[in-house]
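Read the structure below first, then the notes.
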Amino acid sequence: MRTIYYFLAIFILLTTLLILACNSSPNTPATTTTPAITTTQATSTTPVTTTTQTTTTTPAIQDSTKYGGVWKIAQNVGPSSPIGYVPESANDAMAAASPVLESMFRVQRDGTIYPKLATSWDIDSKAKTITFHLRKGVKFHDGSDFNASVVKWCWDLIVAAKKAPNIDSINVLDDYTVRVNFKAFQNTDVTAFDGGFYAIFSKASFDKNGIEYTRTHPIGTGPFIFKEYIRDSKITYTRNPNYWDPKLPYLDGLEINIVAEETVRMLLFERGDIHMFNASVQVAPELLKKNYNYATDTGGTLVLVPDSANADSPLANIKVRQAISYAIDREAIAQGIGAGLMSPAYQLYPGNPICALPEGQYLKTEYNPAKAKQLLAEAGYPNGFKTSIHTFIQVVNRDFITAISKMLADVGIKCDADFPEAGKYQEYRTKGWNNSMLAHGLMYLANPNAIATWYLPQNNITFPSLKRPDGFYDLLNASLASPTVDPAKVQAAYKALADDFTMIPYVEDRVRVFYVKGAHDDGGQKFHLSFFVPEFAWLEPEARK
Numbered sequence: 000m001r002t003i004y005y006f007l008a009i010f011i012l013l014t015t016l017l018i019l020a021c022n023s024s025p026n027t028p029a030t031t032t033t034p035a036i037t038t039t040q041a042t043s044t045t046p047v048t049t050t051t052q053t054t055t056t057t058p059a060i061q062d063s064t065k066y067g068g069v070w071k072i073a074q075n076v077g078p079s080s081p082i083g084y085v086p087e088s089a090n091d092a093m094a095a096a097s098p099v100l101e102s103m104f105r106v107q108r109d110g111t112i113y114p115k116l117a118t119s120w121d122i123d124s125k126a127k128t129i130t131f132h133l134r135k136g137v138k139f140h141d142g143s144d145f146n147a148s149v150v151k152w153c154w155d156l157i158v159a160a161k162k163a164p165n166i167d168s169i170n171v172l173d174d175y176t177v178r179v180n181f182k183a184f185q186n187t188d189v190t191a192f193d194g195g196f197y198a199i200f201s202k203a204s205f206d207k208n209g210i211e212y213t214r215t216h217p218i219g220t221g222p223f224i225f226k227e228y229i230r231d232s233k234i235t236y237t238r239n240p241n242y243w244d245p246k247l248p249y250l251d252g253l254e255i256n257i258v259a260e261e262t263v264r265m266l267l268f269e270r271g272d273i274h275m276f277n278a279s280v281q282v283a284p285e286l287l288k289k290n291y292n293y294a295t296d297t298g299g300t301l302v303l304v305p306d307s308a309n310a311d312s313p314l315a316n317i318k319v320r321q322a323i324s325y326a327i328d329r330e331a332i333a334q335g336i337g338a339g340l341m342s343p344a345y346q347l348y349p350g351n352p353i354c355a356l357p358e359g360q361y362l363k364t365e366y367n368p369a370k371a372k373q374l375l376a377e378a379g380y381p382n383g384f385k386t387s388i389h390t391f392i393q394v395v396n397r398d399f400i401t402a403i404s405k406m407l408a409d410v411g412i413k414c415d416a417d418f419p420e421a422g423k424y425q426e427y428r429t430k431g432w433n434n435s436m437l438a439h440g441l442m443y444l445a446n447p448n449a450i451a452t453w454y455l456p457q458n459n460i461t462f463p464s465l466k467r468p469d470g471f472y473d474l475l476n477a478s479l480a481s482p483t484v485d486p487a488k489v490q491a492a493y494k495a496l497a498d499d500f501t502m503i504p505y506v507e508d509r510v511r512v513f514y515v516k517g518a519h520d521d522g523g524q525k526f527h528l529s530f531f532v533p534e535f536a537w538l539e540p541e542a543r544k
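Numbering that gives the first Met the number 0 numbers the first residue of the sequence shown as 0 and each following residue consecutively.
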């Protein structure tokens, strides 16, 4: 699922997804399947370093009319944290800064890697290292040099902020070579450098202007230069005329408008005031009828995240979590509120062939209010209890939570549907929530191990009020240590989550992006619709209003 600011390559960092969306066939969703990312294995008995050389290049420009125009977007909320100082940035802020702050590479939808600030990299799983060979001649937007010492400085800050717990140390080997030494090899380590916390920002600007300036002024090497952020109103960028790839970007600029109401965003789209629109299930059917060009892609799972780490919370009792799951009519939500564009989810990522558990290997809690009441009584709550659901409104539709709150009330759980502003929700997610639940969306990633390590890090910096199942990290670490993604090991870790009802999934979503005539999102086809890559977007002259 995609909050548009998820240029989001947000984050996500580990990110690599797939499913081709076909703009040439406006009424037909794409059906391309997701290939698994694999790691080359050496067969020698001695440690062998595998060098990954990429051959992907930017296609030659055939039509000079691709250049020009300002691509306009509208999203529902602004960043909840600093957008320029990466160690303090949350997912949404990293997404907002991604046109400016670049990473080592991007993983494409077909599993291959598109080089960015690194031109090649050496992976030695036995030595537990990755050595990056950096692109030469790159300049930050302030004119300072991009080099290995700046990369080490940025990543040392991330390690100090405890956002890269698997990194042991970072060494500068020469001006354009940097080696990362890990505590243990994990098959997510490569894809982690796709973005997020590993994005690079200017040390020279930080040294000159200080941390306060850096927090509000992202300065990187990217295809666009940050111009202005008017809080809760607009973020603007201009084209970087000195970008290291002289053929990119096509656009003169980028404009992100903050517009809270989806109906208003849709009106802006239909008037042609914005070029793309990430439509919820509430409005997508209407747009489909109007034959707009659109693309669809794999999304993620919407879940409830209970306060199970607090022993005094009713949610710490597995029978209570099971009762909540039985109380949710997933079919009604998917077909009603979801307009048939979503699927019921009784486990995490049911559409992912790598991590989805076969029928019979997990407890499928189909809608059964009587069973829910029975479990509540067995747990010691025959009259129910009071709780709240704090909603991540960037990705979770309010109507879902309103409906779930009513369903819980029907079995005796009095539930307050809470819709906090972004900063408050971020506080819940990182500092904890008492005797309540979070309504969150787990984004789809090509490597299921990356999903688990991102949302359930062992240091608990994310979801600290969520108890992890006993033995979960042993299973996850075994899966991470596999040179290639092993479905059996992945499923063992996900089964532990399912058996414990660690999270309570209810629907699986898809990304649905609509475009005005003359707007082309080539990056969505190259990478994934969840991550708008603006340097590959272009506008026909008629769309440049």
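Quick reminder that beta carbons are idealized off the backbone N, C-alpha and C, glycines included.
Values in this document were obtained by computation on a predicted structure and should not be read as measured data.
When the distance is taken between beta carbons, is residue j closer than 9 Å to residue i?
i, j, result
"I72", "F139", "no"
"D417", "I388", "yes"
"C414", "T386", "yes"
"P164", "K182", "yes"
"F145", "L156", "no"
"I169", "L116", "no"
"L356", "K494", "yes"
"N309", "S464", "yes"
"S478", "N459", "no"
"Y361", "Q346", "yes"
Which residues in the same chain as residue i place their Cβ atom closer than 6 Å to its Cβ, once the five residues preceding and following it in sequence are excluded?
i, result
"D231", "G77 and I257"
"P222", "N239, Y242, L247, P248 and E534"
"L545", "No information on residue 545 is available, as it lies outside the stretch 0 to 544 that the chain covers here."
"S553", "Outside the modelled stretch of the chain, which goes from 0 to 544, sits residue 553, for which no answer is possible."
"T237", "I224, K226 and G252"
"T48", "With a pLDDT of 46 at T48, under the threshold of 50, the predicted position of this residue should be treated as unreliable, though the coordinate-derived value follows. Once the five neighbours on either side are set aside, the close Cβ partners of T48 are D121 and D123."
"N351", "none"
"Y228", "I234"
"W537", "K65, Y249 and H519"
Just to confirm my understanding: we take residue i, look at its own chain, exclude 5 residues before and 5 after, and list those with CB closer than 7 Å. What are they?
i, result
"E377", "K318"
"A402", "I332 and I336"
"W152", "K202"
"A508", "For clarity, residue 508 is Asp in the given sequence; the question names Ala instead. Cβ neighbours of D508 beyond the five flanking positions: M0, G298, G299, L301 and M341."
"A92", "P78, S79, S80, P81 and I82"
"F192", "S102, M103 and F104"
"H216", "G83 and F225"
Can you tell me which of the options puts its alpha carbon nearest to the alpha carbon of residue i?
i, options, result
"M275", "H519, E534, K423 and I166", "H519"
"H439", "C153, I392 and H527", "I392"
"L437", "A326, V395 and G142", "V395"
"V484", "R270, R467 and T190", "T190"
"N442", "Y291, S97 and V506", "One detail in the question is off: residue 442 reads as Met in this sequence, not Asn. When only C-alpha atoms are compared, the closest one is V506."
"Q74", "T213, K233, Y366 and I112", "K233"
"V158", "V85, P504, Y113 and T64", "V85"
"T501", "L172, Q321, W154 and A259", "Q321"
"V515", "Y291, Y380 and P447", "Y291"
"K466", "F104, S307, K161 and N170", "S307"
"M265", "I255, L250, D251 and V282", "V282"
"D251", "L347, F462, P98 and S481", "P98"
"S559", "E87, V69, V106 and G67", "The first residue shown for the chain is 0 and the last is 544, placing residue 559 beyond what the model contains."
"N312", "G383, Q334 and E261", "Residue identity check: residue 312 is Ser in the sequence provided, not Asn. When only C-alpha atoms are compared, the closest one is G383."
"N316", "L538, P468, N90 and F526", "P468"
With a cut-off of 8 Å on the beta carbons, I'd call residue i and residue j a contact; round off their distance for me.
i, j, result
"R511", "T295", "5 Å"
"P533", "L253", "5 Å"
"D121", "T130", "4 Å"
"A497", "L475", "Not a contact, Cβ separation roughly 14 Å."
"C354", "Q490", "6 Å"
Can you look up residue i in the DSSP assignment and give me helix, strand or coil?
i, result
"V515", "coil"
"T364", "coil"
"F530", "coil"
"P217", "coil"
"I317", "helix"
"G411", "coil"
"F192", "helix"
"Y113", "strand"
"E269", "helix"
"E87", "helix"
"Y212", "helix"
"Q490", "helix"
"T401", "helix"
"I122", "strand"
"I229", "strand"
Please list, in chain order, all residues of the same chain as residue i whose beta carbon is under 8 Å from its beta carbon, the five residues on each side excluded.
i, result
"A542", "G68, G271, H274, V515, K516, G517 and A518"
"R428", "F391, L437, H439, T461 and F462"
"E87", "S80, P81, A160 and R214"
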